[in-house]
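What follows is a single structure, written as structure tokens, with notes after it.
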Amino acid sequence: MRKQRFTVAMIVLLLVAVFYAAYWMKSLTTASADGKTVTVVLKSLNVRSDFWQTVSAGAQVAGKQAGAVIDMAGPLQENDAEAQIKALEEAIERKPQAIVVAPYAHERMPEMMQRIRDAGIRLVVIDTPLDVDPKPVFVGDDHREAGKLAGRTAVQETGSHPVAAILTDFKYSLVSEQRREGVLDTLGDFPGSVYGTYYAGDSEDRAYDVAMSLLRDNKPDFNVIVALTPATTLGAAKAIKETASGSKVRLIGFDSTIGEIQLLEEGVLNATVVQKPFNMGYLGVKAALDLLDGKSVSSTFIDSTVVSSANMYTPEIQKLLFPFIENQ
Numbered sequence: 090m091r092k093q094r095f096t097v098a099m100i101v102l103l104l105v106a107v108f109y110a111a112y113w114m115k116s117l118t119t120a121s122a123d124g125k126t127v128t129v130v131l132k133s134l135n136v137r138s139d140f141w142q143t144v145s146a147g148a149q150v151a152g153k154q155a156g157a158v159i160d161m162a163g164p165l166q167e168n169d170a171e172a173q174i175k176a177l178e179e180a181i182e183r184k185p186q187a188i189v190v191a192p193y194a195h196e197r198m199p200e201m202m203q204r205i206r207d208a209g210i211r212l213v214v215i216d217t218p219l220d221v222d223p224k225p226v227f228v229g230d231d232h233r234e235a236g237k238l239a240g241r242t243a244v245q246e247t248g249s250h251p252v253a254a255i256l257t258d259f260k261y262s263l264v265s266e267q268r269r270e271g272v273l274d275t276l277g278d279f280p281g282s283v284y285g286t287y288y289a290g291d292s293e294d295r296a297y298d299v300a301m302s303l304l305r306d307n308k309p310d311f312n313v314i315v316a317l318t319p320a321t322t323l324g325a326a327k328a329i330k331e332t333a334s335g336s337k338v339r340l341i342g343f344d345s346t347i348g349e350i351q352l353l354e355e356g357v358l359n360a361t362v363v364q365k366p367f368n369m370g371y372l373g374v375k376a377a378l379d380l381l382d383g384k385s386v387s388s389t390f391i392d393s394t395v396v397s398s399a400n401m402y403t404p405e406i407q408k409l410l411f412p413f414i415e416n417q
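In this text, residue positions in the sequence shown follow this note's numbering: the first is 90, and each later residue adds one.
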């Protein structure tokens, strides 16, 4: 019965997401020109991206509460840095009062940040910190601390005897590398606890292939996979299911896509480190609006939370997993 209620909640989540998309497409075209104008440039506007759709919803709620005009922009697909730069160029031409951006690590991004400032537009960076001077206001996770949390969870899941295969996307991904460094920080206290790091790009299929190659002999020399992105988590989970390795290899993931929530229910995913994307979008826009009001704004780091089958049904975690429902 509890799983049935949980499935119903996920269906409601999808319906509310569709409602938000329709409502805000309408509201953006009818909002008052007297309100503050903020353009939010994300890494993806793909409606299938649970994470970025939740960031978008948080940004829009903050704008609605303040009576501000919020314009969402960004590439349709993730990892399209050139499309994001084009979206930023178009945003600068529109001259909003503030821009909130979740930037890719691209060689032109520092130049784009300076162009925003030169245009007299207030700037807030979310999700991925940038090494630029002066540093902009930042709202997002401390990704290294999140990695440490994943490492501690791996230690707990293996009875303090971890041997971890780390599965991630790209070497140049600042977020993933900070997470990996955090995992290594924790595992450094346990000699011989790192089996290796494996890169799969932003591809569930590639992550599946990598995990299958590690699990194929059904006698792996590691006892936990720490997957640092949703795609690598889902790919590793598929491999664990197909090789029936769940009793031998634990799986620690990142984020809380609907697929990952289902894997928690099934027991294939033992735990996942969950960010708070709704909070990030909300606080990112709020920081921009505060800057427009002349307030002094400091960077904000948002804590991550470990979700497992043991706590996923608690009210606190339900609010984290289903922020759309909580913030209707």
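Backbone N, C-alpha and C define an ideal beta-carbon position, used for all residues, glycine too. The structure presented is a predicted model; accordingly, all values stated were derived computationally and were not measured.
{"Check": "Residue from F367, A148, F311 with nearest C-alpha to V252", "Outcome": "F311"}
{"Check": "Rounded straight-line distance, which links the Cα of L340 to that of A120", "Outcome": "Note that A120 scores a pLDDT of 43, beneath 50, so its modelled location is shaky and nothing firm can be said."}
{"Check": "CA-to-CA distance, V244 to S133, given in whole angstroms", "Outcome": "33 Å"}
{"Check": "Alpha carbon of L165 to alpha carbon of N135, nearest angstrom", "Outcome": "5 Å"}
{"Check": "Span of the beta strand (DSSP E), counted from its first residue to its last, around G229", "Outcome": "226 to 230"}
{"Check": "Cross-strand partners of V130 (DSSP beta bridge)", "Outcome": "A162, V190"}
{"Check": "Y288, enclosing alpha helix (DSSP H) - first and last residue", "Outcome": "Counting along the chain, Y288 falls outside any alpha helix (DSSP H), though it belongs to the beta strand (DSSP E) covering 283 to 288."}
{"Check": "For S397, three-class secondary structure by DSSP", "Outcome": "strand"}
{"Check": "Identity of the residue in K330, D258, R269, V363 nearest S292 by Cα", "Outcome": "D258"}
{"Check": "Runs of beta strand (DSSP E) lying entirely within the segment 226 to 270, each at least 3 residues, in chain order", "Outcome": "226 to 230, 253 to 257"}
{"Check": "CB of D169 within 7 Å of CB of T346, strictly", "Outcome": "no"}
{"Check": "Selected residue, minimal CA-CA separation from R233, among R269, Q203, G248, A296", "Outcome": "R269"}
{"Check": "Rounded straight-line distance, which links the Cα of M301 to that of D344", "Outcome": "22 Å"}
{"Check": "Rounded Cβ spacing between V368 and I391 (contact assumed at less than 8 Å)", "Outcome": "Position check: residue 368 holds Asn in this sequence, whereas Val was assumed. Yes, they are in contact, since the Cβ atoms of N368 and I391 sit about 5 Å apart, within 8 Å."}
{"Check": "Inter-stretch contact (C-beta, 8 Å, three-pair minimum) for the segment 145 to 152 and the segment 370 to 377", "Outcome": "yes"}
{"Check": "Span of the beta strand (DSSP E) around G342", "Outcome": "339 to 343"}
{"Check": "Rounded straight-line distance, which links the Cα of L273 to that of D160", "Outcome": "39 Å"}
{"Check": "At least 3 beta-carbon pairs within less than 8 Å: the segment 348 to 363 vs the segment 228 to 242", "Outcome": "yes"}
{"Check": "DSSP-derived helix/strand/coil call for T318", "Outcome": "coil"}
{"Check": "Alpha-carbon to alpha-carbon, V158 and F411", "Outcome": "25 Å"}
{"Check": "R37 (DSSP reduced to helix, strand or coil)", "Outcome": "This structure cannot speak to residue 37, because the chain is shown only from 90 to 417."}
{"Check": "Alpha-carbon spacing of D216 relative to G271, whole angstroms", "Outcome": "16 Å"}
{"Check": "I210 - DSSP class collapsed to helix/strand/coil", "Outcome": "coil"}
{"Check": "Proximity winner among D231, I406, D207, relative to P218 (alpha-carbon distances)", "Outcome": "D231"}
{"Check": "Host beta strand (DSSP E) of V363 (start-end)", "Outcome": "360 to 363"}
{"Check": "A325 classed as buried or exposed, judged by whether at least 16 other C-beta atoms fall within 10 angstroms", "Outcome": "buried"}
{"Check": "Short Cβ contact (7 Å threshold) for L378 with A155", "Outcome": "yes"}
{"Check": "Contact under 7 Å by Cβ, V144 with P319", "Outcome": "no"}
{"Check": "Distance CB(V127)-CB(P199) smaller than 7 Å", "Outcome": "no"}
{"Check": "7 Å CB neighbourhood of Q267 in its chain, flanking five on each side removed", "Outcome": "H232, R233, G236"}
{"Check": "Reduced DSSP category for V313 - H, G, I as helix; E, B as strand; rest coil", "Outcome": "strand"}
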